[in-house]
Amino acid sequence: MKRMEKRSKNIEEFTQKRVKEAGLETAPVGLYERIMNTIDLIPVGQFIYKPLISRKAWIWIAVIVLSILAILIFLPWQGSAYANEVRENIALDWKNPLAGLELSKTAIYAIIGIGLFLLQIPLLKKQLEKRYKD
Numbered sequence: 004m005k006r007m008e009k010r011s012k013n014i015e016e017f018t019q020k021r022v023k024e025a026g027l028e029t030a031p032v033g034l035y036e037r038i039m040n041t042i043d044l045i046p047v048g049q050f051i052y053k054p055l056i057s058r059k060a061w062i063w064i065a066v067i068v069l070s071i072l073a074i075l076i077f078l079p080w081q082g083s084a085y086a087n088e089v090r091e092n093i094a095l096d097w098k099n100p101l102a103g104l105e106l107s108k109t110a111i112y113a114i115i116g117i118g119l120f121l122l123q124i125p126l127l128k129k130q131l132e133k134r135y136k137d
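Numbering-wise (this note's numbering), the sequence shown opens with residue 4 and increments by one.
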């Protein structure tokens, strides 16, 4: 026990001696004033609220959802019981011009994918223009 206390005391004395030799660093004169002046010069803008999803985006989302619903209602799909049920519940007075058109599921997915791809091009272009405009 005494050995540990003696060793601890030696380490403490050694540390104090080295700190006195090295000396404490002091900040340059006027450092605080320069920092405060720099902080005062930084402009603080008022926070403007921007929603995460803009009004235009909500409109596009609604258009896409309505388009998908229209596809489900008007295109004849053999394997979709839900779409057939919805189609039967809606009374249509006009004849569907696409009633005789038969497309495979792959073709329908391809058309939807290309449509979404073509929809993204103007949106991404506007976003990039806004980003690199500033």
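Quick reminder that beta carbons are idealized off the backbone N, C-alpha and C, glycines included.
Since we're looking at a predicted model, the values are computed, not measured.
In the three-state reduction of the DSSP assignment, L126 falls in the helix class, which pools H, G and I. Contact check for L78 and L101: beta-carbon distance about 7 angstroms, within the 8 angstroms limit, so the pair qualifies. Separation of L122 and S70 (C-alpha to C-alpha, rounded to the nearest whole angstrom) is 13 angstroms. In the DSSP assignment, K53 falls outside any alpha helix (DSSP H) and carries neither an H nor an E. In this model, A73 and K129 are separated by some 28 angstroms (Cα to Cα).
Rounded to the nearest whole angstrom, the C-alpha separation of W61 and A110 is 28 angstroms. The same chain holds no residue with a CB closer than 6 angstroms to that of N40 once the five nearest residues on each side in sequence are set aside. DSSP places V32 outside both helix and strand once states are collapsed to three, so it counts as coil.
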